[in-house]
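2 protein chains.
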Amino acid sequence: MSETIEIPERSGTAFKLAKGDVLVVIDPKGQQVSDLLAFNASDLGEVISSGRTFDYAERIYLTTGDRLFSNRSNVMLTIVDDSVGRHDFLLTPCSYDTFRLCYENEPPHRGCFGNLAAALEPYGVEPDHIPSAFNCFMNVPVDGETGKLQVLPPLSKAGDRIAFRAEIDLIVGLTACSAKDSNGGSFKPIHYRIERP
Amino acid sequence: MSETIEIPERSGTAFKLAKGDVLVVIDPKGQQVSDLLAFNASDLGEVISSGRTFDYAERIYLTTGDRLFSNRSNVMLTIVDDSVGRHDFLLTPCSYDTFRLCYENEPPHRGCFGNLAAALEPYGVEPDHIPSAFNCFMNVPVDGETGKLQVLPPLSKAGDRIAFRAEIDLIVGLTACSAKDSNGGSFKPIHYRIERP
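Residue numbers (numbering that gives the first Met the number 0), protein chains in the order written: chain A, 0 to 196; chain B, 0 to 196.
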């Protein structure tokens, strides 16, 4: 059986996924967000791309059956399970500057961006090459008329999950999100496990 | 007076903008799209970011007064004039793969991506570092309920324009879009001029 690993609140990690592995991301307490990045393990210039994915899916909300494309138009991950049905791929990971600009009354935190940059550094990923993440469980409704977006508490309940199958060998970054607006005002861990068929 | 320059249909160009310069992008015939990229002229690792911009604007549709942020959360361009009010920042430039996957009955074209990569190469920009572009005049309505997006003909009429002030020294890439869906089924040029106050 695969081991379930905890990402403590406001932190992040990185690991390898082999082609065919299934990554299950679990929200153990409910209403928490987990930012996911994926790079081609054999060529870090290839990375998930929200723009390519939206273009091919013709949709900004993604769920079971949808594929996450790279900047080179290759499929990197396929969503194979999803008990929530609402995630975000519009926004970049929260960062020191997000806190500086959007949370003026709190001491800035390095955020998911800083956590991802630190976790991915040993694999050779440069911070400037971190794109918009696939933000598991993040609830960002968009008003189709005005384009206005909101960051609302996730729809996930304790134990909800989303699972991705790796379509190539990947380096993955994954966080337990650091921003209050994303998670309904409380910081919580994220769990994940890797299932190797 | 500043000179008006034509970008021929299905092509692209690149040029420097100095801080304070105003770039005016004009749709001379109506219903044409122009993909815009901007890199920090003194450090190509810094580039416009749809994700940061959406986060700070709290909106996916941008117009006069809105600012385009970089991946490092700095303001690169401010929209100072806009006679259309509908542009896209969701989608990546059309590419060989876009044509291969979305226009199966036509010979693939290198698209705005290939045109931007070629035009920016002399400045040292690598193709893998081309992010989602700010797609002037591109009309991509999103259904707020389902997240479904459509690529519809632009709302721009002949002579319509959008203008950007450079907030730092920039390398800019700009195209006359190559994809039929973006421009109502016909390929047309784009005009631009640089106003130096």
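Each residue gets a CB set at the ideal place from its N, CA and C atoms; glycine is no exception.
Excluding five sequence neighbours on each side, which residues of the same chain lie with their C-beta closer than 6 Å to the C-beta of residue i?
i: Lys187(A); result: Glu8, Lys28, Gln31
i: Ala116(B); result: Pro126
i: Leu148(B); result: Val139, Val141
i: Arg99(B); result: Pro107
i: Arg192(B); result: Ser1, Thr3, Val23
i: His190(A); result: Thr3, Glu5, Ile25, Pro27
i: Val79(B); result: Ala162, Arg164
Taking the continuous alpha helix (DSSP H) assigned at residue i, which residues delimit it?
i: Ser49(A); result: 49-56
i: Tyr191(B); result: Unbroken run through Tyr191(B) is the beta strand (DSSP E), 189-194; no alpha helix (DSSP H).
i: Leu90(A); result: From DSSP, Leu90(A) is part of no alpha helix (DSSP H); its letter is neither H nor E.
i: Arg160(A); result: From DSSP, Arg160(A) is part of no alpha helix (DSSP H) but of the beta strand (DSSP E) over 159-165.
Based on Cα-Cα distance, which residue from the options lies nearest to residue i?
i: Lys18(A); options: Tyr60(A), Gly64(A), Leu169(A), Phe136(A); result: Leu169(A)
i: Gly158(A); options: Thr62(A), Val23(A), Phe88(A); result: Val23(A)
i: Thr77(B); options: Thr63(B), Glu5(B), Arg192(B), Gly84(B); result: Thr63(B)
i: Glu120(B); options: Phe38(B), Glu5(B), Glu2(B), Asp20(B); result: Phe38(B)
i: Arg71(A); options: Ala162(B), Thr145(B), Asn73(B), Thr97(B); result: Thr97(B)
i: Arg160(A); options: Val83(A), Ser177(A), Val124(A), Asp180(A); result: Val83(A)
i: Met279(B); options: Lys179(B), Glu45(B), Met75(B); result: The structure shown has nothing for residue 279(B), since chain B only spans 0 to 196.
i: Leu43(B); options: Ser33(B), Ser177(B), Gly172(B); result: Gly172(B)
i: Thr91(A); options: Gly110(B), Met75(B), Ser131(B); result: Ser131(B)
i: Gly110(A); options: Asp81(A), Ser177(A), Glu144(A), Phe53(A); result: Ser177(A)
i: Cys135(A); options: Thr174(A), Val74(A), Ser69(A); result: Thr174(A)
i: Tyr95(A); options: Ser185(B), Pro196(B), Ser49(B), Asn73(B); result: Asn73(B)
i: Glu144(A); options: Leu154(B), Ile59(B), Glu194(B); result: Ile59(B)
i: Leu61(B); options: Arg195(B), Asp81(B), Met75(B), Pro153(B); result: Asp81(B)
i: Val75(B); options: Phe53(B), Glu45(B), Val124(B); result: It is worth fixing the name first, because residue 75(B) is Met in this sequence and not Val. Per the Cα distances, Glu45(B).
i: Ser33(A); options: Pro153(A), Arg195(A), Pro196(A); result: Pro153(A)
In angstroms, rounded to a whole number, what distance separates the CA positions of residue i and residue j?
i: Asp26(B); j: Tyr55(A); result: 26 Å
i: Thr199(B); j: Cys93(B); result: This structure gives no information on residue 199(B), because the portion of chain B shown stretches from 0 to 196.
i: Leu151(A); j: Cys101(B); result: 34 Å
i: Gly183(B); j: Ser10(B); result: 17 Å
i: Ile129(B); j: Ala165(B); result: 19 Å
i: Gly113(A); j: Glu103(A); result: 18 Å
i: Val21(B); j: Ser181(B); result: 25 Å
i: Arg51(B); j: Gly146(A); result: 15 Å
i: Ser49(B); j: Ser69(A); result: 16 Å
i: Glu105(B); j: Ser185(A); result: 52 Å
i: Phe53(B); j: Glu57(A); result: 19 Å
Kindly indicate if chain A contains any beta-carbon less than 8 Å away from that of residue i.
i: Ser155(B); result: no
i: Tyr102(B); result: no
i: Tyr191(B); result: no
i: Pro152(B); result: no
i: Leu183(B); result: Just to set this straight, residue 183(B) is Gly in the shown sequence, not Leu. Judged by the 8 Å Cβ criterion, Gly183(B) is not in contact with chain A.
i: Phe98(B); result: no
Where does the unbroken beta strand (DSSP E) through residue i begin, and where does it stop?
i: Asn134(A); result: 133-135
i: Asp42(B); result: 42-46
i: Asp20(A); result: Unbroken run through Asp20(A): none, as it is neither H nor E.
i: Arg66(B); result: 66-68
Tell me which same chain residues have a C-beta within less than 7 Å of the C-beta of residue i, skipping the five on either side of it?
i: Ala40(B); result: Lys15, Asp168, Leu169, Ile170
i: Tyr122(A); result: Ala13, Ile170
i: Phe133(A); result: Leu35, Ile47, Leu67, His86, Phe88
i: Lys156(A); result: Gly29
Does chain B have any CB closer than 8 Å to the CB of residue i?
i: Thr12(A); result: no
i: Ile59(A); result: yes
i: Asp123(A); result: For the record, residue 123(A) in the displayed sequence is Gly; it is not Asp. False, the Cβ-Cβ gap to chain B never drops below 8 Å.
i: Val141(A); result: yes
i: Thr63(A); result: no
i: Asn138(A); result: no
i: Leu115(A); result: no
i: Ser48(A); result: yes
Measuring from the CB of residue i, is there a heavy atom of the ligand MN at a distance below 7 Å?
i: Gly19(A); result: By its list of ligands, the structure shown contains no ligand whatsoever, and the ligand MN lies outside what it can speak to.
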